[in-house]
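Reading through the structure tokens given below for one structure.
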Amino acid sequence: MKYDCRKEGDVILIFLADEDEKYVKLFCDYISRSLTLNQKVKVKGFTTAETLSNALQGTDKPNIVLAGKSLWDSSMQDMEHGVCVIELAQGQEEALESAPFKLAKYQSIDDLLQKIEQITLHQYMHSTQKSGTPQQHGSCVISVASAAGGVGKTTFCRCLIQHYVNEGKKVLYCNIETFSSWLELSLQEKNDALDRLFYYLQSDSDQVMEQLKACMTYDEVMQCHVLPPIYQMEVMQEVTVTDMQKLIDMIRQLGLYDVIILDHDAGWHVRLEGSSACSDVTLWLMSEAVVTKTKTQQLLHYLLHNKKVQRPQHQLVMNKVTNEETKDWNNETLPISMRLPYVPQWKSLQVRMKQDIPSVYLQEINKWLTSKEMSFIEPGRNHSLH
Numbered sequence: 289m290k291y292d293c294r295k296e297g298d299v300i301l302i303f304l305a306d307e308d309e310k311y312v313k314l315f316c317d318y319i320s321r322s323l324t325l326n327q328k329v330k331v332k333g334f335t336t337a338e339t340l341s342n343a344l345q346g347t348d349k350p351n352i353v354l355a356g357k358s359l360w361d362s363s364m365q366d367m368e369h370g371v372c373v374i375e376l377a378q379g380q381e382e383a384l385e386s387a388p389f390k391l392a393k394y395q396s397i398d399d400l401l402q403k404i405e406q407i408t409l410h411q412y413m414h415s416t417q418k419s420g421t422p423q424q425h426g427s428c429v430i431s432v433a434s435a436a437g438g439v440g441k442t443t444f445c446r447c448l449i450q451h452y453v454n455e456g457k458k459v460l461y462c463n464i465e466t467f468s469s470w471l472e473l474s475l476q477e478k479n480d481a482l483d484r485l486f487y488y489l490q491s492d493s494d495q496v497m498e499q500l501k502a503c504m505t506y507d508e509v510m511q512c513h514v515l516p517p518i519y520q521m522e523v524m525q526e527v528t529v530t531d532m533q534k535l536i537d538m539i540r541q542l543g544l545y546d547v548i549i550l551d552h553d554a555g556w557h558v559r560l561e562g563s564s565a566c567s568d569v570t571l572w573l574m575s576e577a578v579v580t581k582t583k584t585q586q587l588l589h590y591l592l593h594n595k596k597v598q599r600p601q602h603q604l605v606m607n608k609v610t611n612e613e614t615k616d617w618n619n620e621t622l623p624i625s626m627r628l629p630y631v632p633q634w635k636s637l638q639v640r641m642k643q644d645i646p647s648v649y650l651q652e653i654n655k656w657l658t659s660k661e662m663s664f665i666e667p668g669r670n671h672s673l674h
């Protein structure tokens, strides 16, 4: 496992409880034979409720408890602070019923460990908030997404940046697109700084925080700090949900920025899933185009049905509006929270970035972001991870 919430050098102790002796032996052998895992993870296997109960009352305190259905005890959920308890279900469908603290038992051990890692990171973040540990800074994290391309995400990000810069806020912009629009408007040359950062992050290097600081540059066009886009396609494809969560958590720990804005590829993918999970709000942009409307409705219906998105942490923004009579969505999807006008002068991305933002556009953004309904993303307050 890559992520360790404790001190460097500590070993993660897993209690694996399942009546299937072969499964327990297979799992334990896999960990012990792995040159990477056996230095960070120790597994103790149990095949009866009695032996598990005795171990839980002993001196060795586990960090993670994995229990099969036959040995599962609901009282495990009340274990002491810092212990992550996960039930192992027989099949994927059963596992989804009470996700994320239930996982399918029969999958590759590598996949299982990766999902355990995501759950423990998520629980660690939440427990840190609830335990009263002070945050370094009340950074507000905003993810900008869309179901289809061409709806103006990067231009919208620039307008968000302008809004917060005008308020005197310190802003960090991070473009996580596969083919970055930011490179078309930036005055800086391409570099692979973020590629190297993800390498350090994935290898648990103690230099990762220094590498993060080295990545950040000031952009004269945006008038804010930026993290350069990922340069190599191979690195982009290897980024996981947990990688994104760790990156955002590290940026928050720096305590340098009031607002962190993440600009994503269209669609639902692991990078957006990771950042959305720990963003204060994810803004879904769409336009009046029929194709865009259809894709947005289909994607959001799927995400809502599978409980991957919810209000108020997910908001729908209609961009490039020409018709004031545009109807809201039905109750099965998100209602439109804000409408932004179409600007005929914006012929291309380069023109949009060089021209001043029309006052009517900024006024709509300002009115919306300062409304009572959006007060939960106010920069500078203590933000919890949703």
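Residues 289 to 674, numbered by this note's numbering, are exactly what the sequence shown covers, in order. Ideal Cβ placement from N, Cα and C applies to all residues, glycine included.
At the C-beta level, T335 and E307 come within 7 angstroms of one another. Selection I539, V453, V529 evaluated against D507 yields V453 as nearest (Cα-Cα).
In its chain, beyond the 5 residues on either side, Y488 have a beta carbon closer than 8 angstroms to the beta carbon of Q495.
Per the coordinates, the alpha-carbon of V299 lies some 35 angstroms from the alpha-carbon of T570. In this structure, F444 is the residue among F444, Q345, P629, R484 with its C-alpha nearest to the C-alpha of L550. Annotation for F315: the continuous alpha helix (DSSP H) segment containing it runs 309-321.
Cβ-Cβ distances below 7 angstroms link V558 to V527, T528, V529 in the same chain, with the five nearest sequence neighbours on each side left out; the list follows chain order. Boundaries around L542 are those of the alpha helix (DSSP H), 529-542, since no beta strand (DSSP E) includes it. In the displayed model, N342 falls within a helix according to three-state DSSP. Residue environment for L588: buried (at least 16 other C-beta atoms within 10 angstroms of its C-beta). Shown here, W656 sits in a helix according to DSSP, grouped into three states. CA-CA distance, E652 to T580, rounds to 22 angstroms. Counting C-beta atoms within 10 angstroms of its own C-beta, H593 has fewer than 16 neighbours from the protein chains shown and is therefore classed as exposed.
Comparing C-alpha distances from Y519 to each of Q499, I539, Q511, T466 shows the shortest one belongs to T466. In this structure, DSSP gives V299 a state outside helix and strand, which the three-state scheme calls coil. The C-beta separation of V432 from M574 comes to about 12 angstroms, leaving the pair out of contact by the 8 angstroms criterion.
No Cβ-Cβ contact shorter than 7 angstroms links I539 with C566. Annotation for I302: V331, I352 place their beta carbon closer than 6 angstroms to its own, counting only its chain and skipping 5 residues before and after. Here C503 really is in contact with P516; their C-beta atoms are around 7 angstroms apart, less than 8 angstroms.
In the assembly as shown, Q533 is a buried residue. Its beta-carbon has 16 or more other beta-carbons within 10 Å.
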